[in-house]
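Residue 37 in this note's numbering sits at position 24 of the sequence shown, with consecutive numbering throughout. Ideal Cβ positions, reconstructed from N, Cα and C, are used throughout, including at glycine.
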Amino acid sequence: MKVIRCILGIDPGLRHTGWGLIRQEDNRLSFIAAGRINPDTKLPMAERLKALAQELAHIITLHTPDEAAIEETFMNNNAASAIKLGQARGAAMLTAAQAGLSVTEYAANKIKQTVTGFGHADKDQITAMIKILLPQSGKLTPDAADALAIAICHAHHGPAFPAQKHG
């Protein structure tokens, strides 16, 4: 059975949330779109989360992905930063779920290992591999490259099913 699906990768953050969309047709991956959401850092927290959710909802409406993947939160020495990142992740996950998408979470090391072959790769290494794997992606912010890496990880490790709307 042929697997064709559109996958949305999300690299959550309160200052910058990367997003990337790929099309998977069996083992072939192709670039659709990518970018970065930048909520105004001067806004109160609730308004920043709202802006993040609204922009992500617009991207989902525009591109109609079949499913989403997001990076898991890693433990940080700064508890306040970890909580803020968790709030951005929650807003992104809720937005995708409300749009009817299944959302799968992946550890950062698994994403890096899948894309670069090295679980502790840095952002430059990830960006370089994304340019090789998805040459049509053009110039990307590190956040958008990370989001595409998350989508690629999902294409390799996520549950496979035949999607209907992108056939």
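{"Query": "Close beta carbons around ARG28, own chain, < 8 Å, minus the five adjacent residues each side", "Result": "ASN51, PRO52, THR54"}
{"Query": "Own chain partners of ALA109 with C-beta closer than 6 Å, once the 5 adjacent residues on each side are dropped", "Result": "ALA81, VAL116"}
{"Query": "Own chain partners of THR74 with C-beta closer than 8 Å, once the 5 adjacent residues on each side are dropped", "Result": "ALA112"}
{"Query": "Per-residue DSSP class, three states only, for LEU27", "Result": "coil"}
{"Query": "Whole beta strand (DSSP E) elements within the stretch 73-127, 3-residue minimum", "Result": "80-84, 115-119"}
{"Query": "CB of THR86 within 8 Å of CB of ARG61, strictly", "Result": "no"}
{"Query": "Where the alpha helix (DSSP H) containing ALA160 begins and where it ends", "Result": "155-170"}
{"Query": "Cβ-based neighbour list, ALA160, same chain, cut-off 7 Å, excluding 5 preceding and 5 following", "Result": "GLY22, ILE23, ASP24, GLY31, TRP32, GLY33, ALA47"}
{"Query": "Euclidean distance between Cα positions of ALA64 and VAL128", "Result": "30 Å"}
{"Query": "Per DSSP, the bridge partner or partners of LEU146", "Result": "In the DSSP output, where bridge partners are listed per residue, LEU146 has none listed."}
{"Query": "GLN149 burial status per 10 Å Cβ neighbour count (16 or more: buried)", "Result": "exposed"}
{"Query": "Chain-order list of residues whose beta-carbon lies under 7 Å from that of MET106 (same chain, five-residue window excluded)", "Result": "ILE83, VAL116"}
{"Query": "Beta bridge counterpart(s) of ALA47 as assigned by DSSP", "Result": "GLY33"}
{"Query": "Reduced DSSP category for LEU62 - H, G, I as helix; E, B as strand; rest coil", "Result": "helix"}
{"Query": "Beta-carbon gap between ILE35 and ILE20 smaller than 8 Å", "Result": "yes"}
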